[in-house]
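**Q** Numbering-wise (our numbering), the sequence shown opens with residue 368 and increments by one.
For glycine and all other residues, C-beta sits at the position ideal for the given N, C-alpha and C.
The structure presented is a predicted model; accordingly, all values stated were derived computationally and were not measured.
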Amino acid sequence: MATRFAFWRKIEEDALAEKHAQPGLLSDFILGSQDGLVNVLGVILGVAVASRNLSDPLTIILAGGLAATFAESISMGAVAYTSTLARRDHYLAEVERERGEMNQLPDLERQEVREILERWDFHGSELEEMVSKITSKPKAWLEIMMAHELNLAPVEKVQARKSAVLVGVAAILGSLVPLIPFIVIGRDIILGVVVSLVVSTITLFLIGWWKARTTIGRPSRSGVQMAIIGIASAIAGFGIAFLVSGGRGA
Numbered sequence: 368m369a370t371r372f373a374f375w376r377k378i379e380e381d382a383l384a385e386k387h388a389q390p391g392l393l394s395d396f397i398l399g400s401q402d403g404l405v406n407v408l409g410v411i412l413g414v415a416v417a418s419r420n421l422s423d424p425l426t427i428i429l430a431g432g433l434a435a436t437f438a439e440s441i442s443m444g445a446v447a448y449t450s451t452l453a454r455r456d457h458y459l460a461e462v463e464r465e466r467g468e469m470n471q472l473p474d475l476e477r478q479e480v481r482e483i484l485e486r487w488d489f490h491g492s493e494l495e496e497m498v499s500k501i502t503s504k505p506k507a508w509l510e511i512m513m514a515h516e517l518n519l520a521p522v523e524k525v526q527a528r529k530s531a532v533l534v535g536v537a538a539i540l541g542s543l544v545p546l547i548p549f550i551v552i553g554r555d556i557i558l559g560v561v562v563s564l565v566v567s568t569i570t571l572f573l574i575g576w577w578k579a580r581t582t583i584g585r586p587s588r589s590g591v592q593m594a595i596i597g598i599a600s601a602i603a604g605f606g607i608a609f610l611v612s613g614g615r616g617a
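1) On the criterion of 16 or more Cβ atoms from any shown chain inside 10 Å, does Leu408 qualify as buried, or is it exposed?
2) Buried or exposed for Trp487, going by 16 or more other Cβ atoms inside 10 Å?
3) What do you get for Lys578, buried or exposed, if any count of 16 or more other CB atoms within 10 angstroms of its CB means buried?
4) Taking C-alpha atoms, which residue in Leu540, Phe437, Thr449 lies nearest to Ala527?
5) What three-state label does DSSP hand Leu610 in the structure shown?
6) At which residues does the alpha helix (DSSP H) containing Val522 begin and terminate?
7) Taking only the alpha-carbon atoms, compute the straight-line gap between Met513 and Leu452 and give it to the nearest angstrom.
8) Could you give the residue range of the alpha helix (DSSP H) that holds Thr582?
9) Any contact of the segment 548 to 566 with the segment 465 to 475, i.e. 3+ C-beta pairs under 8 angstroms?
10) Which runs of the alpha helix (DSSP H) fall wholly inside the segment 410 to 488 and span at least 4 residues, in chain order?
11) Sort Arg454, Val480, Gly431, Val532 by Cα distance to Phe396 and report the nearest one.
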């Protein structure tokens, strides 16, 4: 009884950890919001500097920023959808391969179960009892091999739609962060650039801080890393946009 409890307790702890951390949703949100913010910030900074001596630079900045926002959100959502479907196809292919190995090479697969259980401190008669019980249940055997040999989790088709929506919405929200200062401040383009950079840096820091708080790590360090990486990427994007524009308005 104690042996069975210890084994299934391990399974329950793994399931609870996945449920509480929700790594897929968290990574989708971070991916969408960070990518949207960084890309649009780079675009509007380049456009702002290149167009600041034109008659109506604000309109150009907002038009370029909004175009980049919606193009980015659609693109990111589509990528999230197709990549999730690809993960699902990969998982299903590995299920079939693993099932075939269980039928054709049962002794080898039993040894792999044994090695997994040894990592969980099962030894001797307890180990052999658990190996026998697991390998007598094909469904449990397959699921353990998928999760603990291949480190793969099942991917439902509905996850592709959820991921696409979450990434797309997060990309829109992130993209609006560097745009809002220009909307609020108006025609003072230089001030808009400064405020946009400050607000974007703070937002990136908060995203990194929140990521560490909901998973693992030091929130302050994660926030600083996210801000540095994001702003560096945005500045690189700005530099490219500025060079392509020929430096007009400098």
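**A** By the coordinates alone:
1) By 1-based counting over the sequence shown, the position of residue 408 is 41. By the 10 Å Cβ count, Leu408 comes out buried.
2) In the sequence shown, residue 487 corresponds to position 120, counting from 1. Exposed is the call here.
3) The count along the sequence shown starts at 1 and reaches residue 578 at position 211. Burial call: buried.
4) Along the sequence shown, one-based indexing puts residue 527 at 160. For Ala527, the nearest C-alpha among the options comes from Thr449.
5) Taking the sequence shown and counting its residues from 1, one reaches residue 610 at position 243. In the three-state reduction of the DSSP assignment, Leu610 falls in the helix class, which pools H, G and I.
6) As a working mapping, residue 522 is identified with position 155 in the sequence shown. Note, Val522: premise wrong, no alpha helix (DSSP H); not H, not E.
7) Position 146 of the sequence shown, counted from the start, is the residue given in the question as residue 513. Position 85 of the sequence shown, counted from the start, is the residue given in the question as residue 452. If you take the alpha carbons of Met513 and Leu452, they lie about 18 angstroms apart.
8) Translated into positions along the sequence shown, residue 582 becomes position 215. Looking at the DSSP string, Thr582 is not in any alpha helix (DSSP H), and its letter there is neither H nor E.
9) no
10) Uninterrupted alpha helix (DSSP H) stretches at least 4 residues long and entirely within the segment 410 to 488 occur at 424 to 471, 473 to 486, given in chain order.
11) The count along the sequence shown starts at 1 and reaches residue 396 at position 29. Checked all of Arg454, Val480, Gly431, Val532; the closest Cα to Phe396 is Val532.
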